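Novice:
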Amino acid sequence: MSRFYEIEPTLENYWRAIILFGRNTASYKFALAKALFDLHSMGKSNFSLEELAEPYSRYLCEHLKSHPKQSTRDKSTFLNYLRSFNSGDINHDQVIGQTVRHGFNYVLDAFHNVHGAEIGTRFFVDTRKSGGGIELTREFDRLGEQFQFKNLKQETEARWRLVETAWENNISRNLMLVEYDNQNQNLIGVNSIRRTTVTSARPALNGYQKGRCFYCYQEISTIIGSDALADVDHFFPHMLKSCDTNKPIDGVVNLVLACQECNRGVDGKFDKLPSTTLLERLYDRNEYLITSHHPLRETLIAQTGNTATKRQNYLQEAYNCATLFVGSRKKWEPKPQGAAIF
Ligand SMILES: [Zn+2]
């Protein structure tokens, strides 16, 4: 059950590599990404560390309020200054000063690094040694022109929330599983003690489908109000519950983003069972999710098996059972609307 597919070396996929697949030890990359978005939207392409420190520290301070653990290390001088600012012990100028001094030690150098190697493009350059500042590159501008750009902003925040929630759960050694809440369309974290809303589902899943409909590869949006707003779809429809009540219908394993046409248009999927070609694609998408660290990876492994073979069997069993309930009805598959890129 393996396929080869073309990896699209697009700017948004480089960006997603940074945000989705980095092995984070602190949330600084996310804060930096969000700060760059802000400065770019203000029309700034060359700025000092002081200018960058303002949105950068602001985002970190905001996140610290709801999630005190923003780093896997126990002690951080920088984070302590941000906490002091949150508690009113130092003022705005002081927190900016300390951010310039302590806040960028690694993150500027490490930003483009994923799994120990520089990715194939740069979104900013550090020209401070030659008297400049931080400069957004032409590639960042071009990223800003892409349809997916607005989605990327949301994806960055969604990823940040998933990561910080996972860190928090690691402290209490509670296994947290991520589930879908149909009513609010959010992902929630469930452990033995409580259920908490983590992030909205669309931006958390979009990057792993490269911003395309899972079924037909049409470009989709995660922005509420957009015509191309994706539906959150259950690959196995709810009939699977008749097979085995333990199957996580609302688990990440079964959740994909679909264009409205595929989900509920003419000849749409509705509660039909997708073809085995699409089942293979679901397997690939899930394995892709597993290469991204906590907490989606842990959820998939806990629910569907700790080896690729077990996870494949899991899907096959679910498919066999669901087939019994739909009988000889033809399996569903839409016409492709774009190249097969995942
Ligand atoms: Zn579609």
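In my numbering, the protein residues as written are 833 to 1174. Where a beta carbon is used, it is the ideal one built from N, C-alpha and C, also for glycine. Please read all numbers here as calculations on a predicted model, not as lab measurements.
#1: Cα separation between Ile1055 and Gly1097?
#2: At a threshold of 6 Å, does Tyr1047 count as lining ligand 1 (C-beta to nearest heavy atom)?
#3: Ligand 1 and Gln1050: does the residue's C-beta get closer than 6 Å to at least one heavy atom of that ligand?
#4: Rounding to the nearest angstrom, what Cα-Cα distance links Leu892 and His1126 in this structure?
#5: Rank Pro1035, Glu971, Val946 and Gly935 by C-alpha distance to the C-alpha of Leu994 and give the top, closest one.
#6: Using 8 Å for Cβ pairs, my map puts Ile1173 next to Glu882. What's the rounded Cβ distance?
#7: Does Glu1093 come out as helix, strand or coil in the three-state DSSP assignment?
#8: Rounded to the nearest angstrom, what separates Met833 and Gly1083 at their Cα positions?
#9: Is Cys1094 near ligand 1, in the sense that its beta carbon is under 6 Å from a heavy atom of that ligand?
#10: Residues in the same chain with beta-carbon distance under 6 Å from Asn1086, minus the five sequence neighbours each way, listed in chain order, please.
#11: Relative to the alpha-carbon of Glu971, which residue among Gly920, Glu844 and Ser962 has its alpha-carbon at the smallest distance?
#12: Looking only at C-alpha atoms, which of Leu1110, Gly1039, Asn878 and Ser859 sits nearest to Asp958?
#13: On the three-state DSSP scale, how would you describe Ala1171?
#14: CB Lys901 to CB Glu1000, shorter than 7 Å?
#15: For Gln1169, tell me which candidate among Glu1093, Leu1019, Asn1138 and Leu871 has the shortest Cα-Cα distance.
#16: Based on Cα-Cα distance, which residue from Ala849, Cys1048 and Thr1136 lies nearest to Asn1078?
#17: At a cut-off of 6 Å, is Cys1091 close to ligand 1 when judged by its beta-carbon and the heavy atoms of the ligand?
#18: CB-CB under 6 Å to Ala863, same chain, minus the five flanking residues each way: which ones, in chain order?
#19: Can you list, in chain order, the residues of its chain whose CB lies under 7 Å from that of Phe936, leaving out five sequence neighbours each side?
#20: Can you tell me whether Leu968 is helix, strand or coil according to DSSP?
#21: Quick one: Cα of Leu1105 to Cα of Thr1155, how far?
#22: For the alpha helix (DSSP H) holding Arg1034, just list the boundary residues, first then last.
#23: Helix, strand or coil for Ile1020 per DSSP?
#24: State buried or exposed for Gln1015, treating a residue as buried only when at least 16 other CB atoms are found within 10 Å of its CB.
#25: Taking Glu987 as the reference, which of Ala1134, Phe853, Gly964 and Gln1148 has the closest Cα?
#26: Is it buried or exposed for Gly1043, if we count other Cβ within 10 angstroms and need 16 for buried?
#27: On the CB-based measure, 16 or more other CB atoms within 10 Å of its CB, does His784 come out buried or exposed?
#28: Using the Cα positions of Phe981 and Leu975, report the straight-line distance between them to the nearest angstrom.
#29: Taking DSSP's pairing of strands, which residues face Thr931 in a bridge?
#30: Counting pairs of beta carbons, one from the segment 926-935 and one from the segment 908-918, are three or more of them closer than 8 Å?
Specialist: The answer reads as follows:
#1: 20 Å
#2: yes
#3: yes
#4: 20 Å
#5: Pro1035
#6: Not confirmed; about 41 Å, so no contact.
#7: helix
#8: Legend: pLDDT at Met833 = 36, less than 50; position of this residue unreliable, no value from coordinates given.
#9: yes
#10: His1066, Phe1067 and Phe1068
#11: Glu844
#12: Asn878
#13: coil
#14: yes
#15: Glu1093
#16: Thr1136
#17: yes
#18: Tyr888, Tyr891 and Leu892
#19: Leu881
#20: strand
#21: 7 Å
#22: Ala1033 to Asn1038
#23: strand
#24: exposed
#25: Phe853
#26: buried
#27: Nothing can be reported for residue 784: it is not among the residues displayed for the chain, which extend from 833 to 1174.
#28: 6 Å
#29: According to DSSP, which records beta bridges pairwise, Thr931 is partnered with nothing at all.
#30: yes
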